[in-house]
Structure formats: C-alpha cells, structure tokens
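Comments concern the structure below.
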Amino acid sequence: MPSALPEAGTRRALGPAVLFAICTAIWGSTWLAIKFQLGVVSPEVSVVWRFALAAMVIAAFCIGTGRSLRFPLRDHALFVAQGALFFGINYVAIYWSEQYLTSGLVAVLFSTITFMSLVGMRLTFGTPITLRALGGAALGVSGVTLLFLPEIVAAHAGGDVALGIGFALGATLLATLGNLVSVRMHRLGLPIFPSTAWGMIYGALVSAAIVTVTGAGWTFDPRPPYLLSLAYLALFGSVAAFGAYLTLLKQVGAGPSSYVAVTTPVVALLLSTAVEGYRWTALAVLGVVLAAAGNVLALRRPRP
C-alpha cells in the first residue's frame, strides 16, 4: 500500500476540499461497481468479502508503516459499534434496499443523512444547528430529489417498495449513528487507519453473522466482472474513500461530512452519461445546480 493514504496526520497536504472531492469521486463511481456484485453472490456475502479484504489491506498497511494495531478492550467496544453500524449492517441494508428500489431512489433516501447528522450531532455533542446548515441540507436533498424525480414517480406503491424504503432509511440512520461513533473515536484521539482496520474486521464479522442468520449461503463468483468490481470496492470504495472520509469527519465534523451523500449521486449520473447513455433533462440540470448550491452553503466556513 502506498504511504500517501489520507489520514489525520496529513491535514496540511489534504484539506477538507480535497478529501471531500476524493470521497465524492470514488463513492460516485461505486454505483456502477455494485451492479457487478449483484446476482450470483447474495448481497450480505458480498459485504463480507468487501470489508474483509479491505480490513486485511489496511492492517497490512499499518504493520508495514509501523502503526500499532494493539488497543485496550474499552476501545474495541467502539470498534465493534463502528463496524456494525458503519461497515456492516448499514451496507447490508443498502444492498437489500436496492433489490426493491432503483439505485436513484436509494440515493435520494440516503441523502437525508445530512439532516440526520445535524440532529445527531446536536443531541450527542451539543453542536448547534445553524440556519445555513439547514438551508444547505434542504437545497442538497431537493437537488438530489429532482435528479431522480422520474424514478420516484415511476415507483409503484406496495409492500416491496415500502420494504425497500424501510431498508434505505434504516441504513441511513445506521450510517448516521456510525458517524457519531467515529466522531467520538476521533475525540478520544484514536488513530484513523488502525481503528478503521478493526472496525472493518468487526463489520465483516457482523455481516457474516447476518449471513448465518438469514441462511443466505456462502458463495463466490470467480468471473472477472465480480472479481474486478470487488477489488475496486474494497481498495478504492472502502480503503481510500473511508480513509479520506474519516479524516474529513475529524476535520469538519459529521454534519458537513455527510454532504458527500448529496454529491455522490451527481457523479454517478455523470458516469452514467458516459457509460450508459443517460439523457439529461432540465429538471436534472436544476437538480445539479441545487445540490451544488446546497454544498457550497453548507461547507462554506462562516466569516469571523
């Protein structure tokens, strides 16, 4: 692994804007990669493979660069919480939701993490909710909604759709709680990459427990599309993106960091334009403008 992975110690080299761009670019592209994960292998099993591989890579990086992986038992309680919420159940729920909903509708629902994070930071750490932050969140979610308005309109009411919405909103709530646990870990001074390695290990174990409970069955797809997408999701979608995101989280907090969920669907649509021939509409363009305006408003630091 290269030693230039983003983390807290490289704040001067990688500021919030760069870290935000890294997360947006990588997670925006994972929408395409996840398509190749669905089919032969059940979603929960794919989550296990993804984060087990990512954990091994990060652990190897830590050992190779002299970062200790030894922590007291009390810290492991936080690692278990982060793993279950952030790398385990959250992702399984997202994969499940996409079995009932289009990825666009899931993206719209997940963008509500901007509101959930503002409320969560207020309730947990007493962080004030400013009108600027609320306005940015409203603009951002409105923009993402306009982007995927045709898919929302096309969604039929029914049990399966309701189930998909429940999984997507549940995943968003779990991710929000995972953000709060990560903020707590940062405030305790826990190093990002060693703690993330443990978090992903526990996330993979929690996902494995879900496989056992649901009886999904352990399978693997040796074909190149699955292997390549798995490698991309593990190395870039998990190792690089989460390294950047958790560093961003430490620098600016859970509220502003959560706006990554607003910008990633925009990147996904740009890639879809190039790869899948997505056709833009006036509403989609307006959606991008609103999403961008929301992010500028939310991420801009107030004048002293």
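Here my numbering is used: the first residue of the sequence shown is 127, the next is one more, and so on.
Ideal Cβ positions, reconstructed from N, Cα and C, are used throughout, including at glycine.
Two segments are said to touch when three or more pairs of C-beta atoms, one from each, lie closer than 8 Å; by this definition the segment 382 to 393 touches the segment 225 to 245. Runs of the alpha helix (DSSP H) lying entirely within the segment 203 to 236 and spanning at least 4 residues, in chain order: 215 to 223 and 229 to 236. In the three-state scheme derived from DSSP, where H, G and I count as helix and E and B as strand, P348 is classed as coil. DSSP, reduced to helix, strand and coil, places T340 within a helical segment of the structure shown. Closest option to G165, judged by alpha-carbon separation, among L361, A323, Y352 and A330: Y352.
For V279, the closest alpha carbon among the candidates G266, C188, G379 and L227 is that of L227. Taking each of P142, P348 and A387 in turn and checking the Cα distance to V167, the smallest one comes out for P348. Around the CB of L300, 16 or more other CB atoms lie within 10 Å, so the residue is classed as buried. In the DSSP assignment, G262 falls within the unbroken alpha helix (DSSP H) covering L257 to L273. Judged by their CB atoms, Q225 and G304 are not nearer to each other than the 7 Å cut-off. With contacts defined as CB atoms closer than 7 Å, A259 and L249 fail to qualify as a contacting pair.
Residue burial is scored here from C-beta neighbours: F319 has at least 16 other C-beta atoms within 10 angstroms and is therefore classed as buried. Taken in chain order, the complete alpha helix (DSSP H) segments of 4 or more residues contained in the segment 136 to 212 are 142 to 161, 169 to 190 and 199 to 208.
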